[in-house]
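For reference, the structure discussed in these notes is given below.
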Amino acid sequence: MEQFDVVVLGAGSGGYACALRAAQLGLGVALVEKGKLGGTCLHVGCIPTKALLHAAEVADLARESAQFGVRASLDGIDMAGVNGYKDGVVDRLFKGLTGLIQGRGITVVEGEGRLTGPGTVEVGGTTYTGRNVVLATGSYARSLPGLDVDGERVITSEQALRLDRVPGSAIVLGGGVIGCEFASVWRSFGAEVTIVEALPRLLPPEDESSSKSLERAFRKRGIKAMTGTSFQSIELHEDGVRVTVQPGSGAATTLEADVLLVAVGRGPVTEGLGYDEQGIAMDRGFVLTDDRMHTNVDGVYAVGDIVPGLQLAHRGFQQGIFVAEEIAGLAPPSFDESGIPRVTYCDPEVASVGLTEAQARERYGEVETLTYDLGGNGKSQILKTQGAVKLVRSKGGPVVGVHLVGARVGELVGEAQLIVNWDAHPEDVAPLVHAHPTQNEALGEAHLALAGKPLHAHT
Ligand code: FAD
22 MEQFDVVVLG AGSGGYACAL RAAQLGLGVA LVEKGKLGGT CLHVGCIPTK ALLHAAEVAD
82 LARESAQFGV RASLDGIDMA GVNGYKDGVV DRLFKGLTGL IQGRGITVVE GEGRLTGPGT
142 VEVGGTTYTG RNVVLATGSY ARSLPGLDVD GERVITSEQA LRLDRVPGSA IVLGGGVIGC
202 EFASVWRSFG AEVTIVEALP RLLPPEDESS SKSLERAFRK RGIKAMTGTS FQSIELHEDG
262 VRVTVQPGSG AATTLEADVL LVAVGRGPVT EGLGYDEQGI AMDRGFVLTD DRMHTNVDGV
322 YAVGDIVPGL QLAHRGFQQG IFVAEEIAGL APPSFDESGI PRVTYCDPEV ASVGLTEAQA
382 RERYGEVETL TYDLGGNGKS QILKTQGAVK LVRSKGGPVV GVHLVGARVG ELVGEAQLIV
442 NWDAHPEDVA PLVHAHPTQN EALGEAHLAL AGKPLHAHT
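Here the sequence shown is numbered in the numbering used here, starting from 22 and rising by one per residue.
Set out below in structure tokens:
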């Protein structure tokens, strides 16, 4: 039996962030991982998908170079080359992370762990005891009843990341973040893509205006989006799939494609790990915590995708750091989930922080909104991107939501989140100088306009 201050089960974004911070605070830490340090985000999530999206951007730039007066042509996509580039990025980050974890003196335990008591985790017959245990076992790609993933023609994001070819055509089931990102990559690589989404719009949790802009942009790019349409059945054939879908009204339709990507959400990895037996309160497999990330069992915390809420790596990092500080007795301030920035890295990007207009109306009653079109932003014109900055403010109060659509706008969400999380009023932001010509300027201009002194805006 080995004893620690903290035993962390799962070394993804939430778990390893917790381990790193706990070790930094002088606590003795064991980090149990059955796969690779870094978890979903590093190996089959954020990082490899964003590398693919960057390769997709390069393909688009080559294809569309003539509009910038540059003579280049796109000869084709070498998936072995794309995968080599993607895997190289992941490998370098993995080495860096491994070194960091070793350097902090964390005991890494390789193998599948199981919670066997409030303070004990068993791995391959050895029991690791912790004054505190942090559950961070992450998530897996869900499917639908009657839809079996065979890894060849019916795939999840994990297999999509390993494809050694560009599919000629793809049906993407689910118009959420992961679905929209793969649709974007494959279209840039030359595939015919149809997204099927059961809810009435793409990226349903985003502000309705962002969904509409994205749908327009996707349409222009030749990505077909069937919203309000649900999956009915699938038939596999030698060359691909035949999928029957049911639109909200009218007759069922059958679509054909080389592959079907199932991107209908991610479920928590909590089954069979001893959580139930130890009396951890759960809801549909998710681990319930209070606002200190504490479960109902003394000394047991949970972080990341197994906790209901946004399934994002940076939320996991923050929760992991928070728990380490909580265990160390630093009493960190709790944080509001609506202040967590969200980015979908398709082309165009969609980014946001805070409340949508509908949520703000529900919370505050009266709200003011302002939409600044990127048409008035020099840098966006240079990039030839379209989109907008939308601000939502409680009447006469602070900015409570920022919604962005356009190429590269994910990088603007850094300033947007400071504005929302620091409860800034448009009048506070208006005097701050934004460099010209940047896309950041669009944020500055939007706040100038909302403060009643628009510069390059017709209001
Ligand atoms: P995970 O990263 O899933 O880590 C859990 C770890 O626990 C895994 O390594 C697993 O092997 C291990 N584990 C599980 N059970 C056991 C056990 N019994 N014993 C030992 N080890 C165990 N988020 C973003 O913020 N930005 C993005 O751009 C983004 N893109 C994404 C793209 C895709 C395709 C996917 C799938 C996800 C993406 N995400 C993104 C989400 C992000 O990856 C997750 O929110 C994040 O990884 C969650 O961290 P976690 O620590 O909760 O779980």
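Just so you know, even glycine gets a beta-carbon here, dropped at the ideal spot from N, CA and C.
With distances taken from CA atoms, which of the options is nearest residue i?
i      : options                           : result
Leu425 : Ser209, Pro139 and Ser231         : Ser231
Ala349 : Cys62, Gly56, Ala44 and Glu256    : Ala44
Glu54  : Ile122, Gly396, Arg84 and Asp260  : Ile122
Phe25  : Ile127, Arg92 and Pro362          : Ile127
Ser86  : Ala456, Val454, Ser415 and Lys405 : Lys405
Ile244 : Ala204, Lys474 and Gly325         : Ala204
Ile440 : Pro458, Val420 and Gly427         : Val420
Pro447 : Glu432, Gly341, Gly473 and Ala428 : Gly473
Gly427 : Ser234, Glu256 and Ala284         : Ser234
Leu48  : Trp443, Glu346 and Gly431         : Glu346
Gly151 : Glu23, Ile192 and Leu41           : Glu23
Could you tell me the boundaries of the beta strand (DSSP E) in which residue i lies?
i      : result
Ser230 : Not the beta strand (DSSP E): Ser230 falls in the alpha helix (DSSP H), residues Glu229 to Arg242.
Arg135 : Gly134 to Gly138
His535 : Nothing in the structure corresponds to residue 535, since the chain is present only between 22 and 480.
Leu391 : Val388 to Asp394
Ala323 : Val321 to Ala323
Ser372 : According to the sequence as given, residue 372 is Ala; it is not Ser. Glu370 to Gly375 is the extent of the beta strand (DSSP E) around Ala372.
Met22  : Met22 -> no beta strand (DSSP E), and no H or E assigned at all.
Gly151 : Thr147 to Leu156
Met247 : Lys245 to Met247
Arg287 : Arg287 to Pro289
Tyr296 : Segment: none, Tyr296 is in no beta strand (DSSP E) and carries neither H nor E.
Tyr366 : Element bounds for Tyr366: n/a, residue is neither H nor E.
The alpha helix (DSSP H) spanning residue i covers which residue range?
i      : result
His457 : His457 -> no alpha helix (DSSP H), and no H or E assigned at all.
Val345 : A small fix is needed here, since residue 345 is Ala in this sequence, not Val. First-last of the alpha helix (DSSP H) with Ala345: Ala334 to Ile348.
Ala381 : Glu378 to Tyr385
Leu404 : Gly399 to Leu404
Near residue i, which residues of its chain fall below 6 Å by C-beta distance, leaving aside the five closest residues on each side in sequence?
i      : result
Tyr322 : Val155, Met314, His315 and Val344
Gly35  : Ala157, Val324, Gly325, Gly337, Gln340 and Gly341
Arg174 : Leu257, Gly261, Val262 and Val280
Could you check what DSSP says for residue i in three-state terms: helix, strand or coil?
i      : result
Phe210 : coil
Arg263 : strand
Ile192 : strand
Arg183 : coil
Asp169 : coil
Gly360 : helix
Lys474 : coil
Leu118 : helix
Val198 : helix
Asp326 : helix
For residue i, would you say it is in contact with chain C, using Cβ-to-Cβ distances shorter than 7 Å as the test?
i      : result
Arg183 : Annotation note: the requested chain C is absent from the structure, which comprises a single protein chain.
Between residue i and the rest of its own chain, which residues show a CB-CB distance below 8 Å, the 5 nearest in sequence each way excluded?
i      : result
Pro475 : Glu466 and Leu469
Glu462 : Asn398, Gly399, Lys400, His455 and Ala456
Asp368 : Leu74, Ala77, Glu78, Asp81, Ser205, Ser209, Ala238, Arg242 and Ala428
Val110 : Ile68, Pro69 and Ala72
Leu30  : Gly36, Val53, Gly134, Leu136, Val142, Val154, Val155, Leu156, Ala157, Thr158 and Leu294
Val308 : Leu156, Pro289, Thr291, Tyr296, Ile301, Ala302, Thr316, Ala323, Ile327 and Val328
Near residue i, what residues of its chain come up, given a Cβ to Cβ distance below 7 Å and the 5 sequence neighbours on each side ignored?
i      : result
Glu387 : Lys416
Ala451 : His468, Leu469, Ala472 and Lys474
Item to check | Segments of 4+ residues assigned as alpha helix (DSSP H) that fall wholly inside the stretch 414-464 | outcome: 434-442 and 447-450
Item to check | Continuous alpha helix (DSSP H) assignments of at least 4 residues falling wholly in the stretch 31-113 | outcome: 34-45, 60-65 and 67-84
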